[in-house]
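Step one of this worksheet: look at the structure below.
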Amino acid sequence: MKSTISIACVATLAGLAAAHNSIISPCPRYSPFGLQCPAVPAGQTADGDINAPISSVQLGYSQPLCRFTTPFATPSATWTAGQSVTIKFNPNAVSHSGGHCEFSMSYDGGKTFAVIHRELQYCFVGSKPAAVTNDVSVSSYTFNLPSDLPSSDKAVFAWSWVNASGNREFYMNCADVAIKGGSSTSYTGPQMVIANYQGYPTIPEFDGDYTTGLQYYTGAKNITVSASGSTTGGGSGGSAPPASSAPQASSAPQASSAPQASSASQATPAKVSSAAPGVAHTPQASSAPSAAAPVSSASNAASAPQSSAGSSAGGSTGACTSGLMQCSGTGYQICNEGVWSPVYSCGVGASCKGTDGHIYCGWP
Ligand SMILES: [Cu+2]
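In terms of my numbering, the sequence shown has 93 at position 93, counting the first letter as 1, and numbering is strictly consecutive.
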C-alpha cells in the first residue's frame, strides 16, 4: 500500500526533524519530486515516501532494497561509462548530521550492488558539524562513472545512506539507467554496505565520532557485476552477506506493512520520543510538508481528517517549484510537477511545523 503521501518526520525534543532526503536526479523509482521522471509503471503508485528511509531499527521495519522491485519502463537517464555525472538531492531535505553515502550500480535488477563512488562521514554536511544538525550544505555530488561500466539498458543506479544522527536508518533510492559502455563486460567494486537493516549490522548514532561504522566500508569485499546479470565475489567480510542472501522483497516487509500504517504510532507520540531522544522521525500516515512559503495560518484545526492520505480544502493553488513543501493550516502541501497538491493532513493530534527547508508533522 503506498499512499501517495505518507511519511512524516516527527520532531521531538529538539524540534528539528523533517523531510529526510532523496535524490531527484536521476529520477528514482516513482518519485513525485524527481526531475525528468519516466511514467510510473502501470499498477504502481507514485512514492510519497521517497524521502524516507527504507529501514529503521527503532521502528522495526525494512522494505526491499530500492523499495520497489518493478523498474521504470524507460530509463531515467542514459549515461556513458567514464562520463561525469551529477547526482542531485531534494532541495527540501535534511542532513541528519551527515553520515556515510554510497553510489552504486546493479546489473541484476537491483539485487546486488557494486559501489562506484563514496561520500563517507560527511555526506550532505561537507565537514564535521559542530553539533547535531539537520542543515544541508551539500545537495549534489558530481563524480566520474567508472570507465569500465558495462553497457546495459537496464542497469540500476542507487544512492544509499547511513545517517549520523536520528533514528538508526538506512536510506536507499534506485534509478533505472541505461549505460553506454565500452568493451568491458563487467565492473568490479566494493559491495554496497547495508546497515541498520533487518539481518544486517546496526551502525550506532555517531555522537560526534565520524569514524563510526567505517569498518564496514573499509572491510567491504569486492564484487564483480556483469552485463549478463551474474555476480561474483562479495561475501560476509564486510557488512554485507553474500549476494544470494541479500534481502529482497521476500524477506523484507513490504511497504504495506511498514509502520506508516500503524495508527499506534500516531496515537502514542510519547513512544516516539522515548525511542529516540533528540531528533526522531517516524513514518506515519501523513507526511512531510514543505517549505518555501510558510503558510497561511488559516485555521483548519477543525477539519483535520483522520485519514492520513486525506486532504482538506484550502491551501495554495497554482505554480510552485517541484519538491517544495509547505504547511497549510495544520496540514501540508507538496509541490508535484510544478503544481501544489491538495492539503494533506498531518494526522490526528499532529500539525505542520517548521520553516523553510525544515517542515514536518509534529506533536504539540
Ligand atoms: Cu529523516
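In this text, a Cβ means the ideal position worked out from N, Cα and C, and glycines have one as well.
Here the structure is a predicted model, which is why all the values come from computation and not from measurement.
By the Cβ rule, the segment 198-206 does not count as touching the segment 218-228, because fewer than three pairs are nearer than 8 Å.
Taking a 10 Å sphere around the C-beta of alanine 81, we find 16 or more other C-beta atoms and assign the residue as buried.
Rounded to the nearest whole angstrom, the CA to CA distance from proline 190 to asparagine 134 is 29 Å. When the five nearest sequence neighbours on each side are left out, the beta carbons in the same chain lying within less than 7 Å of the beta carbon of isoleucine 116 are those of Phe103, Ser104, Met105, Leu145, Pro146, Gly189, in order along the chain. Below 8 Å, enough C-beta pairs join the segment 158-176 and the segment 20-35 to call them touching: three or more.
Distances from the CA of glutamine 83 to each of Ile54, Gly181, Gly34, Ala39 were compared; the closest alpha carbon is that of Gly181.
For glutamate 102, the distance from the CB to the nearest heavy atom of ligand 1 is not below 8 Å. For threonine 218, the three-state secondary structure derived from DSSP is helix. Collapsing the DSSP output to three states places asparagine 134 in coil.
If you look at isoleucine 54, you'll find it isn't in any beta strand (DSSP E); DSSP assigns it neither H nor E. For the options Thr86, Thr70, Asn173, the alpha carbon positioned closest to that of glycine 43 is the one of Thr70.
The beta carbon of aspartate 153 is closer than 6 Å to those of Ala178 in its chain, skipping five residues each way along the sequence.
Taking the CA atoms as reference points, leucine 35 sits about 33 Å from glycine 199.
Lysine 88 is bridged by DSSP to Ser25, Ser140.
The closest heavy atom of ligand 1 lies 8 Å or more from the beta carbon of valine 225. A residue is called buried once 16 or more other Cβ atoms fall within 10 Å of its Cβ, and glycine 110 is buried on that count.
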